Amino acid sequence: RDTLTLIGIESSCDDTAAAIVRDGPGGRQILANVVLGQTSLHADFGGVVPEIAARAHAERVDGCVAQVMRDAGLRFADLDGVAVTAGPGLIGGVLAGVMCAKGITAATGLPLIGVNHLAGHALTPRLTDGVDFPYIMLLVSGGHCQFLRVDGPQDFVRLGGSIDDAPGEAFDKVAKILGLPQPGGPMVEAEAVRGNPKRFALPRPLMDRPGCDMSFSGLKTAVLRARDGVIAQKGGLMRADRADLCAGFQAAVVDVFTEKSRRALDASPVATFAVAGGVAANQAIRGALETVCTVQGVRFLAPPLALCTDNAAMIAWAGVERFRAGGRDDLTLSARPRWPL
Ligand code: KG4
Ligand code: ZN
2 RDTLTLIGIE
12 SSCDDTAAAI
22 VRDGPGGRQI
32 LANVVLGQTS
42 LHADFGGVVP
52 EIAARAHAER
62 VDGCVAQVMR
72 DAGLRFADLD
82 GVAVTAGPGL
92 IGGVLAGVMC
102 AKGITAATGL
112 PLIGVNHLAG
122 HALTPRLTDG
132 VDFPYIMLLV
142 SGGHCQFLRV
152 DGPQDFVRLG
162 GSIDDAPGEA
172 FDKVAKILGL
182 PQPGGPMVEA
192 EAVRGNPKRF
202 ALPRPLMDRP
212 GCDMSFSGLK
222 TAVLRARDGV
232 IAQKGGLMRA
242 DRADLCAGFQ
252 AAVVDVFTEK
262 SRRALDASPV
272 ATFAVAGGVA
282 ANQAIRGALE
292 TVCTVQGVRF
302 LAPPLALCTD
312 NAAMIAWAGV
322 ERFRAGGRDD
332 LTLSARPRWP
342 L
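The sequence shown begins at 2 in UniProt numbering and counts up one residue at a time.
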């Protein structure tokens, strides 16, 4: 079919989302896009609580679907399929989305297309900028950290990734260590601007190891030790100490991403290097990646932040790509907590 209009549903972490995407001669369009975050529901617990997330998804997902149908002014008969995140993610949340999608397909006869959440992130540059295969994608968020070479709609080569914490998780934990509010990434970045990145000698983990693997857990522990060192010496943490620790931590992350991105590009000559995930909002990291790309003569691409973080437009789009490749599911589609690309 020339034109495809799909609804996408996403509920794998702490955002309940639905979107409608159309692919046709007129281009690739997002007709509607709704994301309901849950930050306030989990705020008291210092992290996403799976049971609370699952319940909120179950309560809200139908409303999200109704909202995007209204926003786009469409009826189910106007759609060509229902794409849904089938994993990886928190199983209760994924189930809520899959059940909703199955309900729609059972009631309407529309095709059901299960989508890998990571494929959704990885294919986003094709929705936003029409990027051609192959390209490299650096996925950096609170839950993910990997370099992917994207060779086709269902053809991903993992070049490397974090062997422990995701970088966003590390930013959040560093914020916690320094008494800054959550989500920590933007707070740490704001403090780092005022700090001296050279005052504390923090490690650049796995820098000597060949390949693109990374590690952030030891770096976070090093920040904790440096903080305790300052407290032992001065009896407390001053504003400048906090800024210097943030700057040192961020500089270490920047150095790691710079080196590993260079290696990813060396290993796979491509025309485009794209980033996605909440951490891609960080100006220091983004600037460093942009420089690497300029030096290597590669196009640097960062889709709009709302499409870099969790959303359902990327799921609808990945559904379009999979549908065009002949991918379909039926009511036996299951939710998968783990699902490597
Ligand atoms: O992609 P995202 O919204 O959600 C998932 O993790 O799936 O990413 C959120 C993460 C959080 O850990 C947050 O602290 C981090 O991205 N983040 C940042 C910045 N903005 C958000 N990390 C560093 N610098 C930032 N400016
Ligand atoms: Zn995600």
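Beta carbons are placed, not taken as given, at the ideal position from N, Cα and C, and that holds for glycine. Please read all numbers here as calculations on a predicted model, not as lab measurements.
So, at 7 Å on beta carbons, what are the nonlocal neighbours of residue i in its own chain, with the 5 sequence-adjacent residues on each side left out?
i, result
"Pro184", "Asp173"
"Gly320", "Leu7, Gly9, Gly82, Ala84, Ile114 and Val116"
Quick check: residue i and residue j, are their CB atoms within less than 9 Å of each other?
i, j, result
"Val116", "Ile8", "no"
"Asp242", "Arg263", "no"
"Val276", "Leu139", "yes"
"Ala167", "Gly143", "yes"
"Met51", "Ile92", "Contrary to the premise, residue 51 reads as Pro rather than Met in this sequence. Yes."
"Gly186", "Asn283", "yes"
"Arg127", "Glu322", "yes"
"Asp63", "Asp311", "no"
"Leu203", "Leu220", "yes"
"Gly161", "Met215", "yes"
"Val257", "Arg200", "no"
"Ala233", "Ala18", "no"
"Gly38", "Thr86", "no"
"Met315", "Glu60", "no"
"Val95", "Arg329", "no"
Within the present structure, is the beta-carbon of residue i separated from the nearest heavy atom of ligand 2 by less than 8 Å?
i, result
"His118", "yes"
"His122", "yes"
"His145", "yes"
"Cys14", "yes"
"Ser142", "yes"
"Gly278", "yes"
Using only CA atoms, which one of the options lies nearest to residue i?
i, options, result
"Gly131", "Gln297, Gly28 and Met239", "Gly28"
"Arg325", "Pro187, Asp245 and Pro112", "Pro112"
"Met100", "Asp24, His58 and Arg329", "His58"
"Leu179", "Pro204, Leu128 and Ala244", "Ala244"
"Cys65", "Ala20, Ala223 and Ser163", "Ala20"
"Leu290", "Ala282, Phe301 and Leu5", "Phe301"
"Pro26", "His43, Gln39 and Leu5", "Leu5"
"Ala73", "Asp24, Phe134 and Leu32", "Leu32"
"Pro305", "Ser218, Asp24 and Val280", "Val280"
"Leu80", "Leu124, Arg2 and Asp16", "Arg2"
"Ser335", "Lys103, Glu11, Thr40 and Arg71", "Lys103"
"Pro198", "Val254, Thr222 and Cys146", "Val254"
"Gly98", "Ser13, Gly121 and Ala314", "Ser13"
"Gly48", "Leu124, Gly169 and Leu96", "Gly169"
"Ala107", "Arg337, Asp331 and Thr17", "Asp331"
"residue 380", "Ala191, Arg226, Ser269 and Asn34", "Nothing about residue 380 can be reported from this structure: the residues present for the chain run from 2 to 342 only."
Within a Cβ cutoff of 6 Å, which residues of the same chain sit near residue i, ignoring the five residues on either side of it in sequence?
i, result
"Trp340", "Gly88, Pro89 and Asn117"
"Gln251", "Ala193 and Ala285"
"Arg23", "Thr6, Gln30 and Leu32"
"Phe77", "Thr109"
"residue 345", "Beyond the ends of the chain as shown, which are 2 and 342, falls residue 345; an answer cannot be given."
In the DSSP output, which residue or residues are listed as bridge partners for residue i?
i, result
"Ser163", "Met215"
"Ala20", "Gly9 and Asn34"
"Asp330", "Leu113"
"Ile83", "Contrary to the premise, residue 83 reads as Val rather than Ile in this sequence. Val83 pairs with Ile8 and Leu113."
"Arg127", "For Arg127, which the question treats as bridged, DSSP gives no partner whatsoever."
"Val156", "It should be noted that the sequence gives Asp, not Val, for residue 156. In DSSP, Asp156 forms a bridge with Gly153."
"Val276", "Leu139"
"Gln147", "Leu140 and Gly162"
Within its chain, find whatever has a CB closer than 8 Å to the CB of residue i; leave out the 5 residues flanking it on each side and keep chain order.
i, result
"Leu266", "Ile137, Phe274, Val293, Cys294, Gln297 and Val299"
Is residue i near ligand 1, judged by its Cβ being under 8 Å from some heavy atom?
i, result
"Ala289", "no"
"Phe172", "yes"
"Cys309", "yes"
"Pro187", "yes"
"Ile286", "yes"
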